[in-house]
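See below for the structure under consideration.
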Amino acid sequence: SFMRRGYQCNGAGLCNKAILDESLPAAHPTAQHDPLSVFVADDNEIDLEGLVRMCQAFGWRTTAVPSGNDLLQRLEALKDTRQKLPDALVVDWKMPGLDGIQTLNALAERWGPSALPATLVVSAHEREAIARNDRGGVVNHILTKPVNPSTLFNAINASVAAHTGNHNQVIASTRLDSMRGHWLHDT
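In terms of my numbering, the sequence shown opens at residue 504 and continues consecutively.
This is the structure in structure tokens:
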């Protein structure tokens with residue numbers, strides 16, 4: 504294991520969970536590394552805002568969209584103009600129109616599964632149903648609501664590391680210096 508910016512991580516890119524003090528102001532990314540780029544899709548305005556705020560508190564470039572259809576359009580526009588795709592997609596499972604899995608499947612059909620960014624699906628408590636419905640294997644990680652900062656950080660870190668093989672990308676591109684981390688030790 505190794506220490507990086509206050510997180511203890513193993514060789515597989517999994518980091519100890521921390522409780523983050525969110526009362527401190529968000530940092531402005533000034534790292535040598537480009538900040539992580541995360542797109543968040545959720546039809547629930549409150550959930551969308553909460554996820555976006557957590558991502559922004561880590562200094563990640565965050566784009567919020569209210570639906571699976573909007574996510575498809577935004578990503579297609581990036582692809583069409585040969586711009587870099589985001590590092591991770593965080594999508595709600597249950598949305599009107601295309602749900603999260605349908606959205607990810609549509610992207611995989613258009614570009615091929617290997618062209619997708621790291622993918623995380625958020626749900627109230629239907630982990631098994633999501634796993635059953637992910638017939639195409641497009642979901643890298645399932646997050647259960649309510650999502651807290653340490654859970655989000657660890658899930659995105661593990662997903663991006665598994666997806667890219669780069670176990671330091673998330674940690675190196677995350678600003679944690681304005682937050683105080685407190686370790687949760689296994690008991």
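C-beta atoms are modelled at their ideal positions from N, C-alpha and C, and glycine is treated no differently.
Remember, predicted model here, so these are calculated numbers, not experimental data.
- Counting along the chain, Thr565 sits inside the beta strand (DSSP E) bounded by residues Arg564 to Val568.
- The straight-line gap separating the alpha-carbon atoms of Ala621 and Val541 is approximately 9 angstroms.
- Nearest neighbour of Leu588 by Cα position, chosen from Lys597, Asp595 and Thr566, turns out to be Thr566.
- In the three-state DSSP reduction, Leu588 falls in the coil class, being neither helix nor strand.
- Of Asp546, Leu592 and Ser626, the smallest CA-CA separation from Pro649 is found for Ser626.
- Gly553 and Val543 have their alpha carbons spaced roughly 10 angstroms apart.
- Along the region 605–647, the beta strand (DSSP E) occurs as fully enclosed runs of 3 or more residues at 621–626 and 644–647, listed in sequence order.
- For Phe542, the enclosing beta strand (DSSP E) has its first and last residue at Ser540 to Ala544.
- Its chain contains Ile604 as the residues whose beta carbon lies nearer than 6 angstroms to that of Asn636, once the 5 sequence neighbours on both sides are disregarded; these appear in chain order.
- For Arg577, the enclosing alpha helix (DSSP H) covers residues Gly571 to Asp583.
- For Lys582 and Ala591, the gap between their C-alpha atoms comes out near 15 angstroms.
- Within the DSSP bridge table, the entry for Val593 names Val543 and Leu623 as partners.
- In this structure Asn657 is buried. Its beta-carbon is surrounded by 16 or more other beta-carbon atoms within 10 angstroms.
- A check of alpha carbon separations from Leu623 across Glu631, Ala661 and Ser617 identifies Ala661 as the nearest.
- Shortest Cα-Cα distance from Asp595 to any of Leu578, Arg630 and Trp563 involves Arg630.
- Straight-line measurement puts the Cα of Val641 at about 7 angstroms from the Cα of Pro616.
- Here DSSP, grouped into helix, strand and coil, assigns Leu551 to helix.
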